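Here is the structure we will look at, set down as structure tokens.
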Amino acid sequence: QPFTSLLLVQTLVLMSVSCPLQEQSDDSSEEEAAGDTEMDFLRNLFSSTLGLGSADKVLDELTLEGVARYIQSGKCKNIICMVGAGISTSAGIPDFRSPGTGLYANLQKYNLPYPEAIFQIDYFKKHPEPFFALAKELYPGQFKPTVCHYFMKLLKDKGLLRRCYSQNIDTLERVAGLEGDDLIEAHGTFYTSHCVSFCCRKEYNLDWMKVKIFSDDIPRCDKCSSLVKPGRWISVSFYFSIDFPRCDLLIVMGTSLQVQPFAGLVSRVSKSCPRLLINMEKAGQADPLFGLMGFGGGMDFDSDKAYRDVAHISTCDDGCLALADLLGWKAELEELVKQEHARIDSQDKKEKASESKGAAAKASSASAAPEPKKEE
Ligand SMILES: [Zn+2]
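Mapped onto mature numbering (1 follows the signal peptide of the UniProt record, and there is no 0), the consecutive letters of the sequence shown carry residue numbers -18 to -1, 1 to 358.
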């Protein structure tokens, strides 16, 4: 197998280069982070390609209890959460991929080639309608974050959350208190929107987008009349490269890990980094074919070689409550949910009151001319 031996030689060369770096990096400063990251990445790539068993076993037990003890040990400082639609179902938001929900039926009429096409920019540029139909259904402010969302807020408050990567567009992570760099919304966010034209990229705010969405207008740029899409234009892969090699614990919740680039991210953490899945079914397991070809790194919960992956099969809320309980945070989490839900309810009441006042004022002065529609 000449291919394998070539890789082996390359790996040995790499390792001899990386040794001095490794020795220095015991008390690694931020300046060394970039070099470290690159080495971690290469080491991971080659060790997974060659199946080198250099990975340390970090968890004393492949259970939720084992994960809790690891978090309490103080060695786990950078937790990354990857979350999908499953964390929002208990908020009342149906998964648009599930037949039988109103949302699914609603999107059927658009004849999507496959459900995830709704989030793909090439499809969006040709057919923006289904995205905005979904956006209207899921518009922020109509739902309350779940126990699982507040568990991530608790991780943040305790200084343990490196970042949350979300596939959802319901923005409940933000409502729960994740903000700025805490959060990467892989499919975009309503908070800022941009013109999709490469040479324009004009930015629009939440209020502007809200008016468009609720008037069933397809939002178009004032400047160049290209489509406007919720979301920011920073490269998500920039974050992958700085976050994943330095992750101490990956928590995957409410996603079946079937959509790229999300699905591939679980293999971007180091070989020794424990990975906890909280989901209604197992997901992300290694594809035997890809495994053979050296692109492995999928989850391994059950084989004799399993050493770091834990599957907790439950709803995301139950899983987070159970973990919080093991960490001694349960009362704190429940109190946070109670307080925040009460705050959102009272805010809703205030907003509704002022909206009906506003509507009455508008009705009495009904003179606002409709905005002229822009043609392509
Ligand atoms: Zn524009």
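Using N, Cα and C, we set each Cβ at its ideal position, and we do this for glycine too.
Because the structure is a prediction, the values reported are computed rather than measured.
- Short of 6 angstroms from the beta carbon of residue 159, and not among the five residues preceding or following it, lie these beta carbons of its own chain, in chain order: 135.
- In this structure, residue 255 has its CB at a distance of at least 8 angstroms from all heavy atoms of ligand 1.
- Of the heavy atoms belonging to ligand 1, at least one sits nearer than 8 angstroms to the Cβ of residue 179.
- Note: residue 79 is not bridge-paired with any residue in the DSSP secondary-structure output.
- In the assembly as shown, residue 193 is an exposed residue. Its beta-carbon has fewer than 16 other beta-carbons within 10 Å.
- Less than 9 angstroms separates the beta-carbon of residue 67 from that of residue 150.
- Here residue 235 has 63, 64, 65, 66, 68, 69, 130, 259, 260, 261, 298, 301, 302 as same chain residues with Cβ atoms under 8 angstroms from its own Cβ, once five neighbours each way along the sequence are excluded.
- When distances are taken from the beta-carbon of residue 206 to the heavy atoms of ligand 1, the shortest one is below 8 angstroms.
- Bridge pairing for residue 211: 176 [DSSP].
- Around the C-beta of residue 53, 16 or more other C-beta atoms lie within 10 Å, and the residue is accordingly described as buried.
- Of all alpha-carbon atoms in 288, 290, 289, 305, the one lying nearest the alpha-carbon of residue 296 is that of 305.
- Here residue 75 is buried: its Cβ has 16 or more other Cβ atoms, across all protein chains shown, within 10 Å.
- Selection 253, 211, 242 evaluated against residue 230 yields 253 as nearest (Cα-Cα).
- Under DSSP, the beta-bridge partners assigned to residue 233 are 63, 258.
- The DSSP-derived three-state label of residue 202 is strand.
- Within 10 angstroms of the beta-carbon of residue 38 lie fewer than 16 other beta-carbons, which makes it exposed.
- Your pair residue 175 and residue 191 checks out as a contact, with CB atoms roughly 5 angstroms apart and the cut at 8 angstroms.
- Taken from the Cβ of residue 302, every heavy atom of ligand 1 lies 8 angstroms or farther away.
- In this structure the stretch 153 to 167 does not lie against the stretch 192 to 207, because fewer than three pairs of beta carbons, one per stretch, are closer than 8 angstroms.
- When distances are taken from the beta-carbon of residue 184 to the heavy atoms of ligand 1, the shortest one is below 8 angstroms.
- Within the same chain, 195, 196, 198 come within 8 angstroms of residue 118 by CB-CB distance, once the 5 residues on both sides are set aside.
- The three-state reading of DSSP puts residue 294 in strand, counting E and B together.
- Proximity to residue 314 across 101, 89, 133 peaks at 133, based on C-alpha coordinates.
- If you ignore the 5 residues before and after residue 120, its C-beta comes within less than 7 angstroms of the C-beta of 75, 151, 152, all in its own chain and listed in chain order.
- Apart from the 5 residues on each side of it in sequence, residue 184 sits with its Cβ closer than 6 angstroms to the Cβ of 177, 203, 205 in its chain, given in chain order.
- In this structure, residue 257 and residue 225 do not form a Cβ contact; the two beta carbons are roughly 14 angstroms apart against a cut-off of 8 angstroms.
- Per the C-alpha coordinates, the member of 45, 50, 287, 245 positioned closest to residue 137 is 50.
- Annotated three-state conformation of residue 124 is coil, per DSSP.
- For residue 143, the uninterrupted beta strand (DSSP E) segment begins and ends at 143 to 148.
- Around residue 293, the same chain offers 259, 264, 283 as residues with beta carbons nearer than 6 angstroms, after the five sequence neighbours per side are excluded.
- The beta carbons of residue 186 and residue 201 sit closer together than 9 angstroms.
- Taking C-beta atoms as the reference points, residue 89 and residue 116 count as a pair closer than 9 angstroms.
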